[in-house]
Structures are given as C-alpha cells and as structure tokens.
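Chemist: Supplied in structure tokens, the structure appears directly below.
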Amino acid sequence: MRLVQATVPTGKREAVLDALDEEGIDYVVSDETSGRDYNAVVHFPIPTEAVEDALDALRSAGLSEDAYTVVLSAETVVSRHFDELEERYTEEEENGDKIAREELVARAKDLAPSRTTYVVMTLVSTIIATAGLLLDSPATVVGSMVIAPLLGPAMSASVGTVVDDEDLFRRGVYLQLVGVVLAVVGAAAFAFFVKFTNVVPPGLDVLTLSEVSERLRPDFLSLVVALGAGVAGVFSLMTGVSSALVGVAIAVALIPPAASVGIGIAWGVPTLAVGSGVLVMVNVLSINLAALVVLWYSGYRPQRFFEVGQARSALLKRGAALAVAIVVLSAFLGGVTYTSYQSATEEQAINDAVGDVLSQSEYADAALLDTTYEYEQGFVQREPQRVVVTVGVPPDADYPGLYDRLNERVAATADHDVELEVRYVYRQQSG
Numbered sequence: 013m014r015l016v017q018a019t020v021p022t023g024k025r026e027a028v029l030d031a032l033d034e035e036g037i038d039y040v041v042s043d044e045t046s047g048r049d050y051n052a053v054v055h056f057p058i059p060t061e062a063v064e065d066a067l068d069a070l071r072s073a074g075l076s077e078d079a080y081t082v083v084l085s086a087e088t089v090v091s092r093h094f095d096e097l098e099e100r101y102t103e104e105e106e107n108g109d110k111i112a113r114e115e116l117v118a119r120a121k122d123l124a125p126s127r128t129t130y131v132v133m134t135l136v137s138t139i140i141a142t143a144g145l146l147l148d149s150p151a152t153v154v155g156s157m158v159i160a161p162l163l164g165p166a167m168s169a170s171v172g173t174v175v176d177d178e179d180l181f182r183r184g185v186y187l188q189l190v191g192v193v194l195a196v197v198g199a200a201a202f203a204f205f206v207k208f209t210n211v212v213p214p215g216l217d218v219l220t221l222s223e224v225s226e227r228l229r230p231d232f233l234s235l236v237v238a239l240g241a242g243v244a245g246v247f248s249l250m251t252g253v254s255s256a257l258v259g260v261a262i263a264v265a266l267i268p269p270a271a272s273v274g275i276g277i278a279w280g281v282p283t284l285a286v287g288s289g290v291l292v293m294v295n296v297l298s299i300n301l302a303a304l305v306v307l308w309y310s311g312y313r314p315q316r317f318f319e320v321g322q323a324r325s326a327l328l329k330r331g332a333a334l335a336v337a338i339v340v341l342s343a344f345l346g347g348v349t350y351t352s353y354q355s356a357t358e359e360q361a362i363n364d365a366v367g368d369v370l371s372q373s374e375y376a377d378a379a380l381l382d383t384t385y386e387y388e389q390g391f392v393q394r395e396p397q398r399v400v401v402t403v404g405v406p407p408d409a410d411y412p413g414l415y416d417r418l419n420e421r422v423a424a425t426a427d428h429d430v431e432l433e434v435r436y437v438y439r440q441q442s443g
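So for the sequence shown, my numbering puts the first residue at 13; every next one is plus one.
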C-alpha cells in the first residue's frame, strides 16, 4: 500500500477533492501557507495497484506535473473504508501487485547506477568471474554475479520504450553496450595478465576447465535462461521482489559468457571467443525482448493518450528488430543443439558396441572400466575423433584379439574415422 501526498494548485482544490471523492478515496487536506502557487496539501492512503488510476484522476482534475506528488510506502492502514477500497481494486485488477507507471519509471532510474559506480562494479564483477572460470570454481563465478549491476540498464531500456521516455531508453541501451564491451575488454586484459605472469600454470588448456567449456558451445537452453531472466527482472521491478536476487539471474546470462570471451581472446581460442560472444549477444537481446513484452502486456502505457500510438510503434519496431536478431543468432544455437544430439547418439552407439564385445563369453573376466572421448572442436561441429576404452583384466589374462574386435565394431558404428585406444588395467579382487 502507498501514502500519496500532493500539493494542490491554487483554484484546483475543489476539483481535486471531487476527483478523490468520485474514486471513493478517503483523504486529509491541510492548508499550504508558503505563499507559492499552491493553497493545499492532500494526503491519502491507497492500495498499490490503485496509485496510477488515482494520479490520472488528479491530473484530469487539474493537478499539473509541476505540482509535487510524493508516493511513499505505507506499512499498514487501519480503516474499514480502506479495506473496502482495497477489496474493490483487488477484484478489478488482474495483477494486484502492479505498481504505478510513475513508480516503475522511478525504480528503473534508481536501478541504473551512476557511470562511475557502473564501470567499477562491472569491472570488479568481470575480474572475479574470470578468476572463477580459470580456477574452475563455480562458487567464485556465482559470487561475481551477485555484485554485477546489470539489472537496471536492461530494465531501463524496456521501461523507456513502453512509457515513451526516450532519455530513459537511450540511457539503458548505452549502459548495456558499455557494460558488455567493458566486461569483454576487462576479462581479456585480466586473462592476458594472469597468463603472461604465470599466475596460472604455463600451458594451461582452458578448454579442459568445466566452467569454461560449458560456455564454449551454447545451445537452445541458454535462450531459455535469458528469457526467464528478462521476465523475472520485469516482475521484480513491477512487484518489488528483491532486485538483488533477480539481478543475479541477469548476471548469469551475461557476466560468465563475457568473461569467457575475454579468456578466449587471451588464450587465442577463437572457438571459445566466438561461441561465448554469440551467447552474450543472444542473452542481451532475449532479456530486452522478454522485458518489453511483459511490460506492455502488463498494461503499462505513456501518461498522455496521444503518446500511446507512438509508444506502440516504437515497441513494434524495436521488438521486431530484437526478434529478428535473436532468430539469426539462434541459428548458431540450433546448430550446436543438433550436433550435440548427434554426438551424444554416436557416443551411446559406440558404448553399446564396446559393451556387446566385452559381454561375450571369452571376455567374461574382463570388465569395462571407462570410456572417454576426445573431440574435434569447431564453431558448430563437434565429432568424437578418438575413443579411449579402459578395460580391467586379471594379471594373467591375455586377449590378443580384443583390440581388433573393438576396432572393427567402433568403425562399423561411427559414420566417420575414429581412432581407438584400448588400455588394460590389471586388477585383483579378494574372495
């Protein structure tokens, strides 16, 4: 619930109070004696979802934008009349938690920090994320997301579009572009530093790090994460849910992939830089598209009626541009998803073939311990090039024909040349 305080211009007192009476809102009026252009101050408690309707009614009654209108959060209101008003709006409003347009804009502006704060926090977050990736530490990567100031810019651009606030829109877009570029450059600089000062082991293959490799080949599930983050960001803005928690969801989609781009640049791994770069772009676009759609369908519009058409036109143009860009970039995600499915299917077929050979009676004493695959990594393509089969055998066992049988079955199963290596591990079992 909210407590609204508004200064009433001279000559508009009766019209303003009549408007509140028509809305069924209880109020308190006090004289304003400062000698300025106002002769009264009106105070009234109101349900959160009713603020926008009340402010529109006051402006229709003559309360200009030059008047001071303050909306405060109220802890509780003890009044039977207020309970009735709250019940009425709860029945009328589909989204009972939705805040007023003015509050939405104010929150979006508050979430977009000053330039210095934004730059510093983005750099610190990126450096921590880069260190976490190189340490292969999920906890460190998660910690970097907590301090990333990325929620505000994404929400500002979307809010600016739906309420036709070009300054807010441009600021949101500008901060997002600066944030992404800063994150990539900062990650690359830090990665170069730790590489050439031997802070990390010389010769480190970054693709062997699970935290890095999982961002090498993003698939369609990455798109789901970004869309979900955009929806969550908007709902946190509209309902007052903790923006810190939702900001982590936004950062999940942006900070680690941007850090991976920097690592790919520093280590000279173009597949990593390109794959993670595509992921960053898809995520940024998806977050903005999801936020735009949710805000518009939640009923947010510009204050003036004649601006609604202009806002709708801007929304359609920007939404279409975002959707087209996402579709184009998603071709990469689709290719990765398809080749990942092919690789998984081929691996399963090879595993079954190896298992069939070892299940034969002459190999009853042998046991399959492990099967590992080495891949040829492309921008999209990913095929197993080498298979290492580890077999446990008794110390006195000899299986001279096992390699040939395995090699024959693997060659027949795979649709391309696959190198096979069989490793024998002597094992003994008591009892």
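Positions of the beta carbon are idealized from the N, C-alpha and C atoms, including for glycine.
The structure displayed is predicted, hence computed values, not measured ones.
How would you label Arg127, buried or exposed, when you count the other beta carbons within 10 angstroms and need 16 or more for buried?
Modeler: Arg127 should be labelled exposed.
Chemist: Going by DSSP, name the residue or residues bridged to Ile58.
Modeler: Beta-bridge pairing links Ile58 to Arg14.
Chemist: Do Glu395 and the ligand ADP come close, with the Cβ less than 8 Å from some heavy atom?
Modeler: Only the bare structure without any ligand can be found here, which leaves the ligand ADP out of the picture.
Chemist: For Leu146, list the residues DSSP reports as bridge partners.
Modeler: Paired residue(s): none; Leu146 is not in a bridge.
Chemist: Pick out the complete beta strand (DSSP E) segments inside the region 292–325, 3 residues or longer, and give them in chain order.
Modeler: Counting whole runs of 3 or more residues, the region 292–325 contains no beta strand (DSSP E) stretch at all.
Chemist: Using the DSSP secondary-structure output, state which residues sit across from Gly404 in a beta bridge.
Modeler: Answer is Ala379, Val437.
Chemist: I need the straight-line Cα distance from Thr81 to Ser72, nearest angstrom please.
Modeler: Taking the straight line from one Cα to the other gives about 14 Å.
Chemist: When you compare only the Cα positions, how much space is there between Gly184 and Leu334?
Modeler: Computed Cα separation, rounded: 15 Å.
Chemist: Check for me: the alpha helix (DSSP H) holding Ser222 runs from which residue to which?
Modeler: 222–225 is the extent of the alpha helix (DSSP H) around Ser222.
Chemist: Distance, Cα to Cα, Leu327 vs Thr173?
Modeler: Leu327 and Thr173: Cα-Cα distance of roughly 6 Å.
Chemist: My output table needs one value for Asp7: the three-state DSSP class, helix, strand or coil.
Modeler: Residue 7 cannot be examined here, being either before or after the span of the chain that is shown, 13 to 443.
Chemist: Taking just the CA atoms, how far does Val305 sit from Glu223?
Modeler: Taking the straight line joining both Cα atoms gives about 32 Å.
Chemist: Can you grab the Cα-Cα spacing for the pair Leu341 / Ile299, in whole Å?
Modeler: Going by the C-alpha atoms only, they are around 14 Å apart.
Chemist: Assuming Val16 and Ala66 are in contact, meaning their beta carbons sit under 8 Å apart, how far apart are those beta carbons, in whole angstroms?
Modeler: With a Cβ gap of about 7 Å, Val16 and Ala66 count as contacting.
Chemist: What three-state label does DSSP hand Pro396 in the structure shown?
Modeler: Pro396: strand per DSSP, three-state reduction.
Chemist: Can you give me the C-alpha to C-alpha distance between Glu64 and Arg14, rounded to a whole angstrom?
Modeler: Cα to Cα, the separation comes out at about 11 Å.
Chemist: If we ignore side chains and look at the alpha-carbon of each, how far apart do Val286 and Val273 end up?
Modeler: One C-alpha to the other measures close to 7 Å.
Chemist: Taking only runs that begin and end inside the region 154–199, name each unbroken alpha helix (DSSP H) of 4 or more residues, in chain order.
Modeler: You should have 163–174.
Chemist: What is the DSSP secondary structure of Pro268, reduced to helix, strand or coil?
Modeler: Here Pro268 sits in helix by DSSP.
Chemist: What is the DSSP secondary structure of Glu114, counted as helix, strand or coil?
Modeler: Reduced to three states, the DSSP call for Glu114 is helix.
Chemist: Can you tell me where the beta strand (DSSP E) with Val82 in it begins and where it stops?
Modeler: First-last of the beta strand (DSSP E) with Val82: 81–85.
Chemist: I want to know whether the region 348–358 touches the region 189–206 - three or more CB-CB distances under 8 Å.
Modeler: Output reads no: the region 189–206 does not touch the region 348–358.
Chemist: Of the residues Ser85, Thr88, Glu61, Ala79, which one's Cα is nearest the Cα of Tyr101?
Modeler: Comparing Cα positions, the closest option is Glu61.
Chemist: Ordered along the chain, which non-local residues of its own chain (more than five positions away) have a Cβ less than 7 Å from that of Val153?
Modeler: Around Val153: Ala141, Gly144, Leu145, Glu223, Pro268.
Chemist: Can you tell me where the alpha helix (DSSP H) with Ser126 in it begins and where it stops?
Modeler: Neither: Ser126 is in no alpha helix (DSSP H) and is coded neither H nor E.
Chemist: Should Ala120 and Leu162 be called a contact, given that it needs their Cβ atoms to be closer than 9 Å?
Modeler: No, Cβ-Cβ distance for Ala120 and Leu162 is not below 9 Å.
Chemist: Are the region 402–421 and the region 368–385 touching by the rule of at least three beta carbon pairs closer than 8 Å?
Modeler: The region 402–421 is in contact with the region 368–385.
Chemist: Mapping the DSSP letters down to three states, classify Tyr39 as helix, strand or coil.
Modeler: In this structure, Tyr39 counts as coil in the three-state DSSP scheme.
Chemist: Can you check whether the CB of Tyr411 is closer than 9 Å to the CB of Glu388?
Modeler: No, the Cβ-Cβ distance between Glu388 and Tyr411 is not below 9 Å.
Chemist: Using the C-alpha atoms, what's the distance from Leu414 back to Ala303?
Modeler: Spanning the two alpha carbons is a distance of roughly 59 Å.
Chemist: So for Leu432, helix, strand or coil by DSSP?
Modeler: Three-state DSSP puts Leu432 in a strand.
Chemist: Given Gly36, which residues of its chain have a CB within under 7 Å of its CB, disregarding the five upstream and five downstream residues?
Modeler: Once the five neighbours on either side are set aside, the close Cβ partners of Gly36 are Leu97.
Chemist: For the candidate residues Ile262, Ser234, Leu235, whose alpha-carbon lies nearest to that of Phe247?
Modeler: The option with the nearest alpha carbon to Phe247 is Ile262.
Chemist: How big is the Cα-Cα spacing for Val196 and Val212?
Modeler: Answer to the nearest angstrom: the Cα atoms are 20 Å apart.
Chemist: Determine the closest residue to Arg92 out of Trp279, Pro214, Ser137, Ile58, with distance taken between C-alpha atoms.
Modeler: Of the listed residues, the one whose Cα sits closest to Arg92 is Ile58.
Chemist: Let me check one thing: in DSSP terms, what residues is Val53 bridge-paired to?
Modeler: According to DSSP, Val53 bridges with Thr19, Ser42.
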